[in-house]
Amino acid sequence: MLLRSGLLRHVRVWKNLGLCSRITVGAQTRHKSTDASEDEVKHFRELAPTWWDTNGSQRILHKMNLARLDFVQRTIRNQVKIQDPEIFVPAFNYKEFLPEYVCDNIQREIQESIESSLDERPGMSVLDVGCGGGILSESLARLKWVKSVQGIDLTHECIMVAKAHSKKDPMLERKLSYECKALEDVTGQFNIITCMEMLEHVDVPSEILRHCWTRLSPDNGVLFLSTINRDLISWFTTIYMGENVLKVVPKGTHHLSKYINSKEIIAWFNDNYSGQFRLLDLKGTMYLPLRGWVEHDCSDVGNYFMAIQRLE
C-alpha cells in the first residue's frame, strides 16, 4: 500500500509538471512546449486593459508585487559578502543582548555596505517570464543594481499595455524592453529570471523550468518562482473566496488542477539537476485584508515564493 501510494504521488508530480502541449489558435496549430492554452491567453487578453488599475481587478496582484519585490531584493542582498573589514558583522543574535540603538547602527552599517557592494557590481540582467502588463518588470528595472530587464509574455495585448505604461517613466527607456514571444525563443543568459504567478497558467510547467535553467547564468544566476500549492486551502482561498465570494480576483483566473506543490518543484530539480542548484529560500505567503501579503514558514500550504541558485 505504501509503495502504491508513493508511486501514485510520483506520477502526479510528473502529470502536473510535464503535460504535453498542442494548441490551436485560429487555423494555426502551435507546438511550443512553453505555450499556454488558448483559454488562458484569452483570459489575460480580456484583463489587459485593467492591468494598471490599482483599485480594480488587479489590485491584489499590485499588493503581491510589493511582497515579491521584497523577496527578490532580500535574496540578492543575502548573497552579498561584506568585504569592508571596518564593518562589524556579529556572529551571534546581537539583538537579544545589545541596546536597541546599537542594534540599529549595526544593521544600518551592514545594509549600507551591502548596497555599496551591489552598486559597484556590473549591473544584473533580468528576464521576467510571463510579465503580463509589466508590474514586476517595471519595479525591477528601477533597482539601481539592475542593468536591464526583458519582459516576455504570450498575450499581445498585455505586452502593448506594458510598453505603453513604461513610456510614462523616462528612466525606464534604456533599461526595460518587452516582447510577445515564447520562452524557448529567448536567446542569451540572465543573472536573474523571474516566473511569478505564471507556472499555474501554462500547460507544461516542466518545460518552463527547463528553458529557464538554460537561460540562467551559470555564474550563480538565480531563478525566482511564485505559484500555488495544490491543496484544499488553496482552492478555498484563491478560487472559492478570492474569485467567487470576495471577487477580488477575476473569475476563471485559477484552476486547482494546474497548481504545483513546492515539494514537486524541488523534486523535479533533484531529478534533473542534482548537485547543480541550491535552494536559497522558500517562503509561504498569504493575503491578509488589513495587512496585504505576508510571508510565513508553512511553504507547503497556499501560495509560496522560491529562489533557486544555479551553481557553477
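Mapped onto the numbering used here, the consecutive letters of the sequence shown carry residue numbers 23 to 334. Positions of the beta carbon are idealized from the N, C-alpha and C atoms, including for glycine. Bear in mind the structure is a predicted one, so any value in this text is a computation, not a measurement.
May I have the straight-line CA-CA distance separating residue i from residue j, to the nearest angstrom?
i: V267; j: R300; result: 39 Å
i: C42; j: P227; result: With a pLDDT of 37 at C42, under the threshold of 50, the modelled position of that residue is not reliable, and the figure given next carries that caveat. Approximately 10 Å, taken between the alpha carbons.
i: I82; j: P107; result: 43 Å
i: C217; j: F327; result: 10 Å
i: K280; j: M220; result: 10 Å
i: S161; j: S188; result: 11 Å
i: G156; j: F119; result: 44 Å
i: K185; j: S284; result: 32 Å
i: N145; j: F212; result: Correcting the residue identity first, residue 145 is Gly in this sequence and not Asn. If I take the Cα positions, the gap works out to 11 Å.
i: P71; j: S321; result: 33 Å
i: T97; j: T259; result: 27 Å
i: W235; j: V111; result: 34 Å
Could you name the residues of the same chain whose beta carbon sits closer than 8 Å to that of residue i, not counting the 5 residues immediately before and after it, in chain order?
i: L13; result: The structure shown does not extend to residue 13, since the chain spans only 23 to 334, so no value can be given for it.
i: K85; result: Y309, G314, W315
i: W74; result: Q80, G155, I157, V183, H187
i: T76; result: H84
Spatial neighbours of residue i within its chain, please: CB distance less than 7 Å, with the 5 preceding and 5 following residues excluded, ordered by chain position.
i: V102; result: I136, S139, L140
Once the 5 residues before and after residue i are set aside, which same chain residues still bring their CB inside 6 Å of it?
i: T51; result: With a pLDDT of only 38 at T51, under the threshold of 50, the placement of this residue in the model should not be trusted; the figure read from the coordinates follows. Taken in chain order, the list of residues that qualify is empty.
i: Q298; result: L333
Use the C-beta contact count for residue i: other C-beta atoms within 10 angstroms, 16 or more gives buried, fewer gives exposed.
i: I109; result: exposed
i: E142; result: exposed
i: Q172; result: buried
i: G210; result: exposed
i: H318; result: exposed
i: N294; result: exposed
i: K190; result: exposed
i: G152; result: buried
Let me see if you follow: with CB-CB separation under 8 Å, is residue i close to chain D or not?
i: Q133; result: Of the chains in the structure shown, none is chain D; there is only one protein chain.
So what does residue i bridge to, in DSSP terms?
i: E201; result: I174
i: R300; result: Q331
i: S147; result: S170
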